[in-house]
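Engineer: Residue numbers (my numbering): 98 to 388.
Take a look at this one; I'll ask things after.
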Amino acid sequence: MAYELVIGDRMYSSWSLRGWLLFAAFGIPVSTRLAPMYSPQFAEELKAFAPSRLVPAMKSDGRLCWDSLAMAETLAAENPQAGLWPANAADRALARSITAEMHSGFSSLRGTCPMTLRARYDCPDMTDALSADLERLQTLWSLALERSGGPWLFGSYTAADAFFAPVAARIAGWSLPVLPASLAYVKMHLAHLPFRQWRAMAFAADRPLAAYETPARPEHPWPGPAPLPAEPVTGATAANSDCPFSGKPVQPDSLARIDGHVIGFCNRFCRDKSVADAEAWPELKALLQGL
């Protein structure tokens with residue numbers, strides 16, 4: 098079954114991250130197209146997914162589905178082997194319940210701490226509403242983790258974890274105070290390869306939006322895994338002749354020095370997502386290890 102997914106800007110769109118993880122984290126192939134937010138192109142891209150007016154949305158074989166929770170249920174039904182929901186009925190009911198609560202609640206956390214993957218910022222002033230959201234969030238996480246034994250909410254990664262991935266990014270990005278067990282769960286998300294790939298692609302297609310940026314706040318290093326030293330370069334000779342992602346010939350304007358090696362890519366997007374986090378990409382990591 099061929100799926101097509103439309104998303105918003107990766108740096109900021111938490112709902113798009115959820116929708117994309119429902120594919121990437123479960124090995125479900127998908128073709129992705131970007132609808133730049135706060136631009137005329139956004140509405141143009143969404144026309145192909147009408148009547149949906151928001152991201153994410155998906156279609157396959159002429160069928161349309163939008164809203165991340167509806168997408169989760171649809172993908173689970175069409176790909177039962179992927180394991181989007183726990184196999185155990187009681188666990189599955191709990192997973193759906195906490196996912197639905199995430200989908201509809203936590204308005205103070207959303208409003209006070211919008212998702213931005215650019216850097217870590219100082220903790221905002223804590224309000225009673227924000228504190229209550231964090232307490233409730235950790236109650237749900239503790240309930241699932243104590244029941245399953247971890248490492249993810251229901252043992253293996255499920256749609257519930259995908260829905261909480263942007264929450265983990267908010268906690269990490271805004272230095273929010275959480276218990277050690279919750280912080281360990283947050284760090285698992287930051288180290289999760291699909292999450293790292295999403296963040297790397299956010300930098301590769303970076304388009305700062307004033308509505309989400311916080312210029313008055315000092316930036317601190319992102320608390321996830323540190324990337325390999327990397328930078329774009331020109332006028333160098335690549336160690337490879339074909340792009341590690343596409344297999345297409347290396348282009349002279351798409352070179353990068355990564356961990357001391359000059360690597361070539363088929364286009365600048367492939368180059369820039371690699372510069373952002375080379376070890377997020379198994380194909381590139383294998384190439385580097387062979388040099």
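We treat Cβ as the ideally placed atom computed from N, Cα and C, and that holds for glycine.
Source: prediction; values computed, not measured.
Excluding the five sequence neighbours on either side, which residues of its own chain have a C-beta within less than 6 angstroms of the C-beta of ALA173, listed in chain order?
Structural biologist: LEU181 and TRP182
Engineer: To the nearest angstrom, report how far apart PRO148 and ALA288 are at their CA atoms.
Structural biologist: Distance between the alpha carbons of PRO148 and ALA288: 36 angstroms.
Engineer: Does the region 150-157 come close enough to the region 203-214 to have 3 or more Cβ pairs within less than 8 angstroms?
Structural biologist: Touching, no.
Engineer: Can you tell which of MET212, ALA226 and ALA184 has the C-alpha that lies nearest to the C-alpha of PRO305?
Structural biologist: MET212
Engineer: Would the beta-carbon of CYS340 be found less than 7 angstroms away from any heavy atom of the ligand FAD?
Structural biologist: The model on display carries no ligand, and the ligand FAD is accordingly not part of it.
Engineer: Any contact of the region 332-347 with the region 242-261, i.e. 3+ C-beta pairs under 8 angstroms?
Structural biologist: no
Engineer: If we count the other Cβ atoms within 10 Å of its Cβ and call it buried at 16 or more, is HIS286 buried or exposed?
Structural biologist: buried
Engineer: Out of LEU119, ALA269 and PRO133, which has the shortest C-alpha to C-alpha gap to SER394?
Structural biologist: Given a span of 98 to 388 for the chain in the structure shown, any question on residue 394 remains unanswerable.
Engineer: Output needed for ALA122: all residues of its chain with C-beta closer than 8 angstroms, excluding positions within five of it in sequence on either side, in chain order.
Structural biologist: TYR254, ASP258, ALA259, HIS289 and PRO291
Engineer: Determine, using beta-carbon pairs with one atom in the region 214-221 and one in the region 268-283, whether at least three such pairs fall under 8 angstroms.
Structural biologist: yes
Engineer: Considering only the alpha carbon of each residue, which of SER194, ILE104 and GLY270 lies closest to SER128?
Structural biologist: ILE104
Engineer: Identify the residues that DSSP records as bridge partners of TYR100: which are they?
Structural biologist: SER157
Engineer: Report yes if the CB atom of LEU131 is closer than 8 angstroms to the CB atom of ALA302, and no otherwise.
Structural biologist: yes
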